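Residue numbers (this note's numbering): -19 to 233.
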Ligand SMILES: Nc1ncnc2c1ncn2[C@@H]1O[C@H](COP(=O)(O)OP(=O)(O)OP(=O)(O)O)[C@@H](O)[C@H]1O
Ligand SMILES: [Mg+2]
């Protein structure tokens, strides 16, 4: 009998993933045989040096990019080889993504961007969803900026709009690539609180790339990437423990 992702309690999984760019001497192995699962209802932090493959891994896990080799699942659905339309629908219904570049639609207001996932799904938010969106807008301090377009917003405000958009539908699975990168420490803490609450209170599965040991200390689990491989997989650690680990890894490299 085949073991399924559900049996393993995993919201997403990749197996023997490789991603290679270019050929010959200039070949880059962005991912080099990565096998890992994102556990259901957990908040997972992904850390590692610049260029270690964190964004590449998240993009492939979210079905936004395809691997050179290996397989990927969201829940029980294998996404490698899934057609574009099926992939788009699966992603729209199940996955929220906060990108490193926020990917806001420039012609839509902040509110229009937040409501985009509903618009694309051809429906309006329910009363519960409306209340959730209001709560997100409030927590993220976006109330006075809803009618502004992205170019009229600061980088941190744009990032917060992208976060509200990714969480508005309460997707099963949220991928966040440095979601606190452009935020002041107060707003950053609010965002981490939102992500932690999403997993703890609403059972959502969160995978967050971060360079910040304090941000990673909010997670249930910390994965470390190095040169396209998973080099460590730790249960929750304090910020001091994470910093010490990163320092030791740098010294060893
Ligand atoms: N389109 C591409 N063409 C060629 N090389 C690429 C491409 N995209 C990524 N890479 C390379 O793949 C490797 C992994 O990139 P990736 O963006 O996943 O790193 P990262 O860990 O997210 O880094 P950062 O912390 O700087 O965001 C890097 O060496 C990068 O230069
Ligand atoms: Mg990156």
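Beta carbons: idealized from backbone N, C-alpha and C, even for Gly. Quick caveat: nothing in here was measured; it's all calculated off a predicted structure.
Residue state for residue 29 is assigned as coil, using DSSP reduced to three classes.
Ordered along the chain, residues surrounding ligand 1 are 1, 8, 10, 30, 31, 32, 33, 34, 35 and 36 [Cβ under 5 Å from any heavy atom]. For residue 49, the three-state secondary structure derived from DSSP is strand.
Boundaries of the beta strand (DSSP E) harbouring residue -2: -10 to 1, taken from the DSSP string.
Separation of residue 97 and residue -2 (C-alpha to C-alpha, rounded to the nearest whole angstrom) is 30 Å. Taking a C-beta distance under 7 Å as the contact criterion, residue 120 and residue 140 qualify as a contact pair.
Under DSSP, residue 85 takes part in no beta bridge, so it has no partner. Put simply, the segment 178 to 191 does not touch the segment -1 to 12. Fewer than three CB pairs are less than 8 Å apart. DSSP places residue 161 in the coil class of the three-state scheme, outside both helix and strand.
Three or more Cβ pairs drawn from the segment 76 to 90 and the segment 126 to 144 lie within less than 8 Å of each other, which places the two stretches in contact.
DSSP places residue 10 inside the beta strand (DSSP E), whose first and last residues are 8 to 19. With the rule of 3 Cβ pairs closer than 8 Å, the segment 203 to 213 counts as touching the segment 224 to 232. Inclusion of residue 19 and residue -11 in the CB contact set at 7 Å is warranted, their separation being smaller than that value. Contact between the segment 144 to 160 and the segment 38 to 47 is established, with three or more Cβ pairs separated by less than 8 Å.
Contact annotation: the segment 206 to 215 touches the segment 14 to 32, with at least three C-beta pairs closer than 8 Å. Just so you know, the alpha carbons of residue 165 and residue 111 end up roughly 26 Å apart.
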